[in-house]
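Student: Protein chains in written order, with our numbering: chain H, 5 to 624; chain W, 49 to 319. Take this structure first; my questions come after.
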Amino acid sequence: MKRIFIFRLTLLFVALFTSVQLWAQVTFKAEAPLLVGLNERFQVKFSVNKEPDSDNSLECPSFEGFSVIAGPGIATGMDIQWINGHQTSNYSRTYTFVLMPQAAGKFTIGSASITVDGKTYKTKQIPIEVIDENAASQQVGSSVSDAKSSSQKSKEPAKAAEQAVASNDIFLMFNVSKKEVYKGEAIRITLMLYTRVGPPADINSFSMPKFNDFWAQEMPTRNDHSRAEYKGRIYETYKLTEYVIVPQRTGAITISPAELSAVLRLETQSDDRNIYYGRQERYVTRTLHSAPVTINVKEFPANAPSTFNGAVGSFSMTSKAPEAAMSANSSNEISVTISGSGNLKFVTAPKLTLPDSFEVYDTKVVDNVRTSAAGTSGSITYTYPFVARTAGEYRVEPMVFSYFDLASQQYKSLSTEPFVITVTDDGVVSTGGADSSRPYADYGGRMKQLDRDIRFIHTDKLAADGSLLFVLSPIYWLTIVVIVALFIVTYHIMRKRIRQNRNVVARRMRQADKVAVQRLRLAERSMHEGNRHAFYEEMLRAMWGYISDKFNIPVSNLTKETIREELYRRGVSASDAEQFCQIISRSDEAQYAPSTESDMGEVYADAIAVISKIESIVKR
Amino acid sequence: MKVLNNIIKVLILAVAAICSVRGYANEGVVEAQSEWQRALDAYSAKSYTEAKEAFEKVETMGYATADLYYNLGNTYFKLGQQHERAYEGGELGRAILNYRRALKCDPAMEDARYNLDIAQDFTNDAEPLPVGVVSSMWSGLRGFMSSNGWVSVSIISLVVALSLVMLYLLSDKIVIRKSAFFVAIALIFVFILTTALSVAQRTAYESSSEAVIICNNIISVHASPDNTSKVIRQPSQGVSVYIIRTHGDWTEIEFVDGEKGWIPSKSVERV
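Set out below in structure tokens:
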């Protein structure tokens, strides 16, 4: 119970406090036109929203450069409103001075001060420009006052009034912030009504131009009313509408005129007859056209980086790195925020290049873009979700965003940091479908050919001229001749050995005695063993074989006669030939006949002797 | 011994002759090497225009090597890729021309064949006529090596064959004598065959009518050597043709499918 009470009390205090605060907000404002003509009277108003302590507490500025014609006139207003049982009240007290400039130039109305509830409040200083309209516009044409004086004499006041409104008394004009822009650069375009005949009483029709080739957004406009000088004359200006437009192509683009059909209320000095209506009002309908505006949209400079996508303005980029470690088949994301001012609505997402084993999903775009009279500003966040399919350590290349910087008239590139992502195996072996335990299973275990390009140049040292053809050239013939000559020379050197080697016969002849000696040795062994039969057999084989090898005669063709003839032909003496044949005969006989041991030794010795003799004769 | 001395004298003379032939070019070698290196560096730095100039300078110094033509082809190809509208400055045709020249110098150069294949993807070459089995085998065998490659094989086989003949004459072992004899016979055949291949390659190299179309994009082939005659075909740059004859400023070409026509002489370059 007590608690609730305290709570209520607190509420009460809060409410009281805020209401006091609201009540206490005293404003003291000064109001004056910023631009006046030299012969023009104008009002300066100081208004306060709470009753001052006394009117005497108002301290006026000196109004230097101006003559005070009247004032201060004091007016008090009270405005009480009930809305849904809620009461609001507005109090105001206004002190009005009527001033007249003394000379053309720039002047300042100083601060006024007033005391409310014992506190002193001050207004801001107001700069006022005084221009001498007549001096500037004598050649320009009729002024309103001229029109008025002429209409006084006219018999047809309405027509006169209509004529009285010259085309330069009221007109529409586009105020364009820039006329030379790059494609994508925002332009503020404001349609202003300039009038010297007061605001239009009514507007019949109003058509804004279609902004072809532009992206256009209308700005909320307060009914801005001020005064402006144009060609030396002072106009009341009304801001009709305001757009931010962004050109979408290059070249000269003309904005077609806006059209306004306005009803003007003109006051005419009436004739003397009409004594009750000293002033007559005439309504005149006028159709106003603004002058067409041409905006020159320039091409971007040629050296655009490849990542440039038409972004114009001044930007900064921040990025949120992906989680550095993730497991395979889990999701991860990189986000990039581009903020700044410029044609943000036309900015395209910077390209994210991930290794091949990553799957990238659609980029999410969150924009927080405001369009104000100054152009478009805010930020856009791009989020790139992706899933890693295979384990490993991957380097994600930096993402690059390029834009054309209007301040420096240069391309600028922003890039993120390179990210490193470590993907760990998720350990899940999926059943069926792509086998996640086998990396790159998607391509059937085969490498995918991503692209083809020419191979790199050969960087070996420069070789000799390849167009020199060796075959049939003089050096070729020389080489062939040298090779053949070398062969012939070698042949010449080796000719003795070659002749010896010429055929198998020569070789056999050379070896005949060796074979014979071998066989005789076999025979000798048989002799020592006492094997008569074997001894004589070996002896015969040695003798026949020796002749056969030596003279290249097959054994089957040999007889004692042919041996004798052959030996004789080779220069062996008849007695030696006879002895040779005798040894054969003795061996033939002894082979099967019983004989003594000494016979064998005798035959053996004779055979060696005779073969040695023949060898020594036939050798050469 | 006297004969051996004479042989050595002849050999020394031969070596000296070869060296003097090489020697006269020696002063230019250093300059060519530095120019070559400059071209390689420029290519690596992607400044292809400079690389092209340097490679072409090396070529004018008389270094018509397969590597040079291959690198020049690559440079033209890269230049073409850099071109605003890809290859529309005739670079593709020049790239193909240089790959073909590289292959002419070294028919076994695999990289050049690969790159030529890639470059020809961008051309509208005609379908080649079918070739007889024997002639395609012969030209296939011939194309296996350059003339200089074949001749080196032939010389080596000659030297080995003669050495084996010597071995046959000197050895007294029957097995060695027999095998040396048969291998020597086989090698003599190899010598004759490879010499023939080398000579054939040389003939093909010297009397080649192979050419490549060089133009900006496509060119009109006329039925006769004047501009008013009918346009029979519009080959792109880089299309392979044979030059038949010339007539004034016109050249008659034959496409690989046998069709003939006339184009301005400046639009075709011999490989």
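All C-beta atoms, glycine included, are put in the ideal place defined by N, C-alpha and C.
Could you pull out every residue in the same chain whose Cβ sits closer than 8 Å to the Cβ of residue 159(H), ignoring the five residues on either side in sequence?
Tutor: What you label residue 159(H) is simply residue 155 of the first sequence in a count that begins at 1. Because the pLDDT at residue 159(H) is just 44, under 50, the model does not fix this residue reliably, and the value given afterwards should be weighed accordingly. Closer than 8 Å at Cβ, skipping near neighbours: no residue.
Student: Work out the CA separation of residue 122(W) and residue 460(H) for me, nearest whole Å.
Tutor: Counting from one through the first sequence, the residue named residue 460(H) turns up at place 456. Counting from one through the second sequence, the residue named residue 122(W) turns up at place 74. Approximately 8 Å between the Cα atoms of the pair.
Student: Could you spell out where the beta strand (DSSP E) holding residue 223(H) opens and where it closes?
Tutor: The residue labelled residue 223(H) in the question sits at position 219 within the first sequence. Its beta strand (DSSP E) spans residues 218-223.
Student: Interface residues of chain W around residue 454(H) at Cβ under 8 Å?
Tutor: Counted from its first residue, the first sequence places residue 454(H) at position 450. Per Cβ cutoff of 8 Å: no residues; residue 454(H) is ~14 Å from chain W at best.
Student: Note the first and the last residue of the continuous alpha helix (DSSP H) segment covering residue 374(H).
Tutor: One-based indexing of the first sequence puts residue 374(H) at position 370. First-last for residue 374(H): 368-376, but that is the beta strand (DSSP E), not the alpha helix (DSSP H).
Student: Based on the DSSP output, what are the partners of residue 231(H) in its beta bridges?
Tutor: Taking the first sequence and counting its residues from 1, the one referred to as residue 231(H) is at position 227. Answer is 240(H), bridged to residue 231(H).
Student: Give me the chain W residues within the contact set of residue 459(H), using Cβ-Cβ distance strictly less than 7 Å, ordered along the chain.
Tutor: Here residue 459(H) refers to the residue found at position 455 when the first sequence is read from its first residue. The answer, in chain order, is 159, 162 and 163.
Student: May I ask you to report which of helix, strand or coil DSSP gives residue 157(H)?
Tutor: As a working note, residue 157(H) is residue 153 in the first sequence. Note that residue 157(H) scores a pLDDT of 42, beneath 50, so its modelled location is shaky; the value from the coordinates is reported in the next line. The answer is helix: DSSP assigns residue 157(H) an H, G or I state.
Student: Name the one or two DSSP bridge partners that residue 329(H) has.
Tutor: For the purposes of this step, residue 329(H) is taken as residue 325 along the first sequence, with counting starting at 1. Answer is 426(H), bridged to residue 329(H).
Student: Can you name the residues of chain W whose CB is closer than 8 Å to the CB of residue 491(H)?
Tutor: On the first sequence, position 487 is the one that residue 491(H) refers to. Per Cβ cutoff of 8 Å: 210, 213 and 214.
Student: Using only alpha-carbon positions, find the residue among 619(H), 33(H) and 84(H) that is nearest to residue 575(H).
Tutor: As a first step, residue 575(H) must be located in the first sequence, where it is residue number 571. Answer by Cα proximity: 619(H).
Student: For residue 435(H), name the three-state secondary structure that DSSP assigns.
Tutor: On the first sequence, position 431 is the one that residue 435(H) refers to. In this prediction, residue 435(H) scores a pLDDT of 43, lower than 50, which makes its location untrustworthy; no coordinate-derived value is stated.
Student: Any Cβ of chain H within less than 9 Å of the Cβ of residue 207(W)?
Tutor: By one-based count along the second sequence, residue 207(W) stands at place 159. By this cut-off, residue 207(W) is an interface position.
Student: How close, in whole Å, do the beta carbons of residue 292(W) and residue 301(W) come, if the pair is a contact with beta carbons under 8 Å?
Tutor: The residue labelled residue 292(W) in the question sits at position 244 within the second sequence. The residue labelled residue 301(W) in the question sits at position 253 within the second sequence. About 7 Å separates the two Cβ atoms, so the contact holds.
Student: So residue 538(H) is in the alpha helix (DSSP H); what residue range does that whole segment cover?
Tutor: Along the first sequence, one-based indexing puts residue 538(H) at 534. Segment 536-555, the alpha helix (DSSP H) holding residue 538(H).
Student: For a contact meaning CB atoms closer than 7 Å, what does residue 246(W) contact in chain H?
Tutor: Counting from 1 along the second sequence, the entry for residue 246(W) is found at position 198. Here the neighbours are 475.
Student: Under 9 Å, Cβ to Cβ, is there at least one residue of chain W near residue 465(H)?
Tutor: Within the first sequence, residue 465(H) is the residue found at index 461, counting from 1. Yes, residue 465(H) counts as interfacial toward chain W.
Student: Which residues in chain W sit within 8 Å of residue 494(H), going by Cβ to Cβ distance?
Tutor: Here residue 494(H) refers to the residue found at position 490 when the first sequence is read from its first residue. Near residue 494(H) (Cβ distances below 8 Å), the residues of chain W are 214.
Student: Is residue 297(H) close to the ligand HEM? I mean its beta-carbon at under 8 Å from any heavy atom of the ligand.
Tutor: Because no ligand of any kind appears in the structure shown, any question about the ligand HEM cannot be addressed here.
Student: With DSSP collapsed to three states, give me the class of residue 46(H).
Tutor: Your numbering for residue 46(H) matches position 42 in the first sequence. In this structure, residue 46(H) counts as strand in the three-state DSSP scheme.
Student: Who are the near neighbours of residue 290(H) in its chain, counting only those whose CB is closer than 7 Å to its CB and skipping five residues on each side?
Tutor: Residue mapping note: residue 290(H) aligns to position 286 of the first sequence, counting from 1. Hits under 7 Å: 169, 174, 266 and 268.
Student: Answer with buried or exposed for residue 21(H), where buried requires no fewer than 16 other C-beta atoms within 10 angstroms of its C-beta.
Tutor: Within the first sequence, residue 21(H) is the residue found at index 17, counting from 1. At residue 21(H), the pLDDT of 45 sits below 50, so the modelled position is not reliable and the matter cannot be decided from this model.
Student: Closest Cβ-Cβ distance between residue 484(H) and chain W: below 9 Å?
Tutor: As a first step, residue 484(H) is located in the first sequence; it is residue number 480 there, counting from the start. Residue 484(H) counts as touching chain W.
Student: Could you name the residues of chain H that residue 81(W) contacts, counting a contact when the two beta carbons are closer than 9 Å?
Tutor: For the purposes of this step, residue 81(W) is taken as residue 33 along the second sequence, with counting starting at 1. Ordered by position in chain H, the residues that pass the 9 Å Cβ test against residue 81(W) are 465 and 466.
Student: Whose C-alpha, out of 572(H), 603(H) and 573(H), is nearest the C-alpha of residue 587(H)?
Tutor: Position 583 of the first sequence, counted from the start, is the residue given in the question as residue 587(H). Closest option to residue 587(H), Cα to Cα, is 603(H).
Student: Going by beta-carbon coordinates alone, are residue 255(W) and residue 148(W) separated by less than 9 Å?
Tutor: Indexing the second sequence from 1 puts residue 255(W) at position 207. Indexing the second sequence from 1 puts residue 148(W) at position 100. No.
Student: Please classify residue 454(H): is it buried, with 16 or more other beta-carbons within 10 angstroms of its beta-carbon, or exposed?
Tutor: If you number the first sequence from 1, residue 454(H) lands on position 450. Under this definition residue 454(H) is an exposed residue.
Student: What did DSSP end up calling residue 142(H) once you bin it into helix, strand or coil?
Tutor: The residue given as residue 142(H) occupies position 138 in the first sequence. Bear in mind that the predicted position of residue 142(H) carries a pLDDT of just 47, short of 50, making it unreliable; the figure below should be weighed with that in mind. In the structure shown, residue 142(H) sits in coil (DSSP, three-state: anything other than H, G, I, E or B).
Student: Under the assumption that residue 400(H) contacts residue 384(H) (Cβ atoms under 8 Å), give the Cβ distance between them as a whole number of angstroms.
Tutor: Mapped onto the first sequence, residue 400(H) falls at position 396. Mapped onto the first sequence, residue 384(H) falls at position 380. About 20 Å separates the two Cβ atoms, so there is no contact after all.
Student: What is the DSSP secondary structure of residue 414(H), counted as helix, strand or coil?
Tutor: For this step, residue 414(H) is matched to residue 410 along the first sequence. Of the three classes helix, strand and coil, the one that applies to residue 414(H) here is strand, per DSSP.
Student: Leaving aside the five residues before and after residue 102(W) along the sequence, list all residues of the same chain whose C-beta is less than 8 Å from its C-beta, in chain order.
Tutor: For this step, residue 102(W) is matched to residue 54 along the second sequence. So the list reads 83, 84, 86, 87 and 90, once near-sequence residues are dropped.
Student: Provide the residue span of the beta strand (DSSP E) that contains residue 295(W), from first to last.
Tutor: Stepping through the second sequence from its first residue, residue 295(W) is reached at position 247. Taken as a continuous stretch (DSSP letters only), the beta strand (DSSP E) holding residue 295(W) covers 288-295.
Student: What does residue 230(W) touch in chain H if you count any residue whose Cβ is under 8 Å from its own?
Tutor: Locating residue 230(W) in the second sequence gives position 182, counting from the first residue. Result: empty, since nearest Cβ-Cβ is about 18 Å, beyond 8 Å.
Student: For residue 154(H), collect the residues of the same chain with a Cβ closer than 6 Å to its Cβ; drop the 5 residues on either side in sequence, then sort them by chain order.
Tutor: For this step, residue 154(H) is matched to residue 150 along the first sequence. Only weak support is given to the placement of residue 154(H): the predicted model assigns it a pLDDT of 41, under 50, and the question is left unresolved by the model.
Student: Can you grab the Cα-Cα spacing for the pair residue 286(W) / residue 178(H), in whole Å?
Tutor: What you label residue 286(W) is simply residue 238 of the second sequence in a count that begins at 1. What you label residue 178(H) is simply residue 174 of the first sequence in a count that begins at 1. Each residue's alpha carbon lies about 58 Å from the other.
Student: Can you find a C-beta in chain H that's less than 9 Å from the C-beta of residue 250(W)?
Tutor: Stepping through the second sequence from its first residue, residue 250(W) is reached at position 202. It does: the Cβ of residue 250(W) has a partner Cβ on chain H nearer than 9 Å.
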